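*Asks:* Okay, handing you the structure first.
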Ligand code: VGL
Ligand code: ZN
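In our numbering, the protein residues as written are 23 to 229.
Dropping the structure here:
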């Protein structure tokens, strides 16, 4: 069978209003995530799961502030506020998210030396999370993605899903962007579209 998977990206307290890396309107996508689940065979959720000493945190580099760039073991790294620290409330799934039907949870960003926006690979594309193999084992050909944030973890997950050969769909109204710069969300959408990712609306699912 040609199974369909739903990827729920980083629906965690720290990325919602009140969190340490709050994405504007981030909480508004939870309702979409819950509503979409009934249409899928396989549902995978990711969690940003950083150790407190992660190299992507500005606080771990003396004199550096969030938004500045550094070289982190050979990769350009934008520095973030401390967020998604493993085993803290900020890293928990938002409590309104229905987690009862999750097939699988992927925890990423666990290596302090490299960031990991994508659900599939670290930012250096060196280490796999095992998600591609898992999806193939489940007979998945079509991957639908929503969550936080459009311009980081959603984008890199969608680009990798496409690169791994999955038919890839991003449910745009189920995503919100960090938008460090105005226009980042739209640029991310265009980049995904150019790479062969279909940008769709939740209303098109299950018709
Ligand atoms: C994310 C920045 C840092 C995301 C995670 O979930 O999009 N963005 N870590
Ligand atoms: Zn992170």
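The C-beta atom is built at its ideal place from N, Cα and C for all residues, glycine as well. Keep in mind that this is a model prediction, so the values were computed, not measured.
(1) Quick check on residue 60: does DSSP put it in helix, strand or coil?
(2) If you follow the beta strand (DSSP E) that residue 98 is part of, which residue opens it and which one closes it?
(3) Leaving out five residues before and five after residue 35 in sequence, what residues of the same chain have Cβ atoms less than 7 Å from its Cβ?
(4) Select from 127, 178, 136, 183 the residue whose C-alpha is nearest the C-alpha of residue 154.
(5) Is residue 223 near the ligand ZN - that is, is its Cβ less than 7 Å away from at least one heavy atom of it?
(6) Heavy atom of the ligand VGL less than 7 Å from the Cβ of residue 66, yes or no?
(7) Any idea what DSSP makes of residue 176, helix, strand or coil?
(8) To the nearest angstrom, how far is the alpha carbon of residue 95 from that of residue 229?
(9) Since residue 24 is in the beta strand (DSSP E), which residue starts that stretch and which ends it?
(10) Is residue 170 near the ligand VGL, with its Cβ less than 7 Å from a heavy atom?
(11) Please give me, in chain order, every unbroken run of the alpha helix (DSSP H) with length at least 4 that falls completely inside the stretch 131-206.
(12) Taking the continuous beta strand (DSSP E) assigned at residue 221, which residues delimit it?
(13) Report the partner residues of residue 68 according to the DSSP bridge assignment.
*Replies:* Judging by the given coordinates:
(1) Residue numbering aside, residue 60 sits at position 38 when the chain shown is read from its first letter. Note: residue 60 maps to helix in three-state DSSP.
(2) Numbered from 1 along the chain shown, position 76 holds the residue referred to as residue 98. Note, residue 98: beta strand (DSSP E), 97-100.
(3) Numbered from its first residue, the chain shown carries residue 35 at position 13. So the qualifying residues of the chain are 41, 111, 112, 114, 116.
(4) Residue numbering aside, residue 154 sits at position 132 when the chain shown is read from its first letter. Ranking the options by Cα distance to residue 154, first place goes to 183.
(5) Taking the first residue of the chain shown as 1, we reach residue 223 at position 201. No, the Cβ of residue 223 stays beyond 7 Å of every heavy atom of the ligand ZN.
(6) Residue mapping note: residue 66 aligns to position 44 of the chain shown, counting from 1. False, no ligand heavy atom lies under 7 Å from that Cβ.
(7) For the purposes of this step, residue 176 is identified with residue 154 of the chain shown, where counting begins at 1. DSSP places residue 176 in helix when its eight states are reduced to three.
(8) In the chain shown, counting from the first residue as 1, residue 95 sits at position 73. In the chain shown, counting from the first residue as 1, residue 229 sits at position 207. Straight-line Cα distance between these residues: approximately 47 Å.
(9) To locate residue 24, count along the chain shown from 1; it is residue 2. From DSSP, residue 24 is part of no beta strand (DSSP E); its letter is neither H nor E.
(10) On the chain shown, position 148 is the one that residue 170 refers to. Yes, the beta carbon of residue 170 sits closer than 7 Å to at least one heavy atom of the ligand VGL.
(11) 153-159, 177-185
(12) Taking the chain shown and counting its residues from 1, one reaches residue 221 at position 199. Unbroken beta strand (DSSP E) run through residue 221: 220-222.
(13) For this step, residue 68 is matched to residue 46 along the chain shown. Residue 68 is bridged to 128.
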